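Novice: Sequences listed follow chains A and H, in order.
When the count follows the numbering used here, it moves up by one through the first sequence with no breaks and lands on 208 for the last residue.
When the count follows the numbering used here, it moves up by one through the second sequence with no breaks and lands on 1208 for the last residue.
Protein chains: 2
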Amino acid sequence: MTALATPLRPRKQPVQARSAATIEALHTAVIQVLTREGLSRCTTTRIAERAGMSVGSVYQYYPNRDALLAAVLERHLSGIADAMERVCLDSRGLPVARMAEALVEGYMAAKLRDAGESRALYAVAGERGGFELAARVYKRIEAAVTVLLATAPDARFEDPAMTASIALNALVGPVRSILDGQATPAFEARLQGQLVLLLTAYLEAGRA
Amino acid sequence: MTALATPLRPRKQPVQARSAATIEALHTAVIQVLTREGLSRCTTTRIAERAGMSVGSVYQYYPNRDALLAAVLERHLSGIADAMERVCLDSRGLPVARMAEALVEGYMAAKLRDAGESRALYAVAGERGGFELAARVYKRIEAAVTVLLATAPDARFEDPAMTASIALNALVGPVRSILDGQATPAFEARLQGQLVLLLTAYLEAGRA
DNA sequence: GTAGCATCTGAAGAATCCTTCAGTTTTGGA
DNA sequence: TCCAAAACTGAAGGATTCTTCAGATGCTAC
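1) Classify Lys-111/A as buried or exposed, calling it buried when 16 or more other Cβ atoms lie within 10 Å of its own Cβ.
2) Under a Cβ-count criterion, where at least 16 other Cβ atoms within 10 Å of its own Cβ denotes burial, should Ala-1100/H be classed as buried or exposed?
3) Flag Leu-1198/H as yes if its beta-carbon sits less than 8 Å from any beta-carbon of chain A, otherwise no.
4) What residues from chain H crowd round Val-87/A, counting only those whose CB sits closer than 9 Å?
5) Which residues in chain H sit within 8 Å of Pro-174/A, going by Cβ to Cβ distance?
6) For the ligand MG, any of its heavy atoms closer than 7 Å to the Cβ of Ala-1161/H?
7) In chain order, what residues of the same chain lie with their CB nearer than 8 Å to the CB of Ala-1183/H, ignoring the 5 residues before and after it?
8) Which bits of chain A does Phe-1131/H rub up against, with CB to CB less than 7 Å?
9) Between which two residues does the alpha helix (DSSP H) holding Phe-1157/H run?
10) Quick one: measure Cβ to Cβ for Leu-197/A and Leu-171/A, integer angstroms, because I've assumed they're closer than 8 Å.
11) Report yes if the CB atom of Pro-1185/H is closer than 8 Å to the CB atom of Ile-166/A, and no otherwise.
12) So with CB distances below 7 Å, who are the chain H contacts of Glu-127/A?
13) If we ignore side chains and look at the alpha-carbon of each, how far apart do Ala-1051/H and Thr-1028/H end up?
14) Within the continuous alpha helix (DSSP H) that includes Asp-114/A, where are the two ends?
15) Just reading off the alpha helix (DSSP H) that Arg-1136/H is part of, what are its end residues?
16) Taking beta-carbon pairs under 8 Å, can you tell me which members of the stretch 107-119 of chain A lie near chain H?
17) Helix, strand or coil, according to DSSP, for Thr-44/A in the structure here?
18) Within the same chain, show all residues whose beta-carbon is closer than 6 Å to that of Ala-120/A, passing over the 5 residues directly before and after it, in chain order.
19) What residue range does the alpha helix (DSSP H) around Tyr-202/A cover?
20) Quick test of the definition: if touching needs 3 or more C-beta pairs under 8 Å, does the stretch 1069-1078 of chain H touch the stretch 1091-1106 of chain H?
21) How should Glu-117/A be labelled, buried or exposed, when 16 other C-beta atoms within 10 angstroms of its C-beta is the threshold for buried?
22) Am I right that Ala-152/A and Val-96/A are in contact with their C-beta atoms under 8 Å? What's the rounded C-beta distance?
23) Show which residues of chain H have a CB atom less than 9 Å away from the CB atom of Ala-97/A.
24) Against Tyr-202/A, what residues of chain H qualify as contacts under a CB-to-CB distance less than 8 Å, listed in chain order?
25) In chain order, what residues of the same chain lie with their CB nearer than 7 Å to the CB of Ala-150/A, ignoring the 5 residues before and after it?
26) Count the other C-beta atoms from every protein chain shown that fall within 10 angstroms of the C-beta of Ser-54/A, then say buried if there are 16 or more, exposed otherwise.
27) What's the C-alpha gap between Ile-1080/H and Thr-1043/H?
28) Can Leu-1179/H and Ser-1091/H be called in contact, C-beta distance under 8 Å?
29) I want to see whether chain H comes within less than 8 Å of Arg-190/A, judged by CB atoms only; does it?
30) If we call anything under 8 Å between Cβ atoms a contact, is Ala-115/A one with Ala-125/A?
31) Does DSSP classify Glu-1074/H as helix, strand or coil?
32) Hey, is Gln-1194/H's beta-carbon within less than 8 Å of any beta-carbon in chain A?
33) Under a Cβ-count criterion, where at least 16 other Cβ atoms within 10 Å of its own Cβ denotes burial, should Gly-1056/H be classed as buried or exposed?
34) What did DSSP end up calling Gln-32/A once you bin it into helix, strand or coil?
35) Using 8 Å for Cβ pairs, my map puts Ala-201/A next to Ala-1205/H. What's the rounded Cβ distance?
36) If the cut is a Cβ gap below 7 Å, which residues of chain A does Ala-1205/H touch?
Given below as structure tokens:
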């Protein structure tokens, strides 16, 4: 809610190799505790125990619990954004139908790669700096998609930024619904087809 | 996570008029504390204080904090579902383009009517019974939309249930993005137009 | 091999929180 | 008017949690 930017930053950078491993263990422990216990029981003690270290070590790298959770969320979201930016670069100049395909496949792949992680972090994204963090990362992706749309040979959009925003956000809900309920690969495939249809129809209908 | 159905139920029904008022005050207090303090600081004491009553009173109606939060969330979601079911009834037999309009307008109206409430409850929906509760309510809406789609004179869908699910979930993301960032009414209107375009294009493209 | 920095440990203080319950106040009907 | 049931009160027990810090341990460069 308030400006918690500074105290949400990590505390120090790893110097030796083992500390990098510690941070890694910490991050995966967060995911595990989150899925097994839920956000409210995702406590520093439990995280440390799961990571096989002492509570004190946690505070060596993060000034408080929220900073740790924010770091894990940020890494996750950054990964998604990286993947999407790559997709956008690789799809420049394609017809919009192909862009739709690429965007859907890229987003689904990125989110479903570590389904557990994605699922677990939804709760974190709904609190504290989570909102702002997620919003910032989505802006990144939106910007990339906006640029991408401008390169389409078979379409020109009146307001590419808004089109990009709608297109992206339209994927969020359906993909999350897969993650919440557990879907079979077969169902996922059908759903991917439907999402491609959704985006393609929207993009083709929306060109000026 | 685990089966907490029973202890999440309210504890007793109001008999006198004042107790109904108490419950009402409790619910609005939850929303207020939620928006002002966030989920983790949305404590029984703070809620009671905000509602102008003693902590004990809270436990007269709800067996625990989670049950109270679940009740508030349930009422909110039920309201959305009611509105959407009404929209579906009122739109039977219309061409799919009109259905798309009605669905978008109905959903946006329902969610934005109490924007603060919607915003506040996203956090609650991401924890505990929130998942299941939200899933259940969305199933209700999906069912209504599925039935609605079958009445379209200008389209027949191969898998109406999936089409309904995609269409609905596609609205979730964009509308939430409005709620998170604060949007001007002008922007909301433009966005509504885009969502109508999105749904219309999808439904018209998806008819068998 | 050893000095010195990097990491780790984990008990303990301080702060909340959830929930209960014995007792008080209010209400509505007889 | 009066009383039994309904509501409400709020201090206190029991349980967690977050965070710190003084000391132990591991690593690496010299």
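Yeah, the Cβ is synthetic: ideal placement off N, Cα and C, and Gly gets one too.
Just so you know, these numbers come straight off a predicted model, no measurement behind them.
Specialist: According to the data block:
1) buried
2) buried
3) yes
4) In chain order: nothing, as chain H lies at least about 18 Å away.
5) Ser-1165, Ile-1166, Asn-1169 and Ala-1170
6) You won't find the ligand MG in this model; it holds no ligand whatsoever.
7) Leu-1191
8) Asp-180
9) Where Phe-1157/H is concerned, there is no enclosing alpha helix (DSSP H), given that its DSSP letter is neither H nor E.
10) Incorrect: roughly 12 Å between the Cβ atoms, too far for contact.
11) no
12) Gly-1038, Leu-1039, Ser-1040 and Ala-1123
13) 8 Å
14) Element bounds for Asp-114/A: n/a, residue is neither H nor E.
15) 1130-1150
16) none
17) helix
18) Ile-31, Leu-34 and Thr-35
19) 185-206
20) no
21) buried
22) 5 Å
23) Under the 9 Å cutoff, chain H gives no residues; its nearest Cβ is about 11 Å from Ala-97/A.
24) Leu-1197, Leu-1198, Ala-1201 and Tyr-1202
25) Pro-160
26) exposed
27) 26 Å
28) no
29) yes
30) no
31) helix
32) yes
33) exposed
34) helix
35) 4 Å
36) Leu-197 and Ala-201
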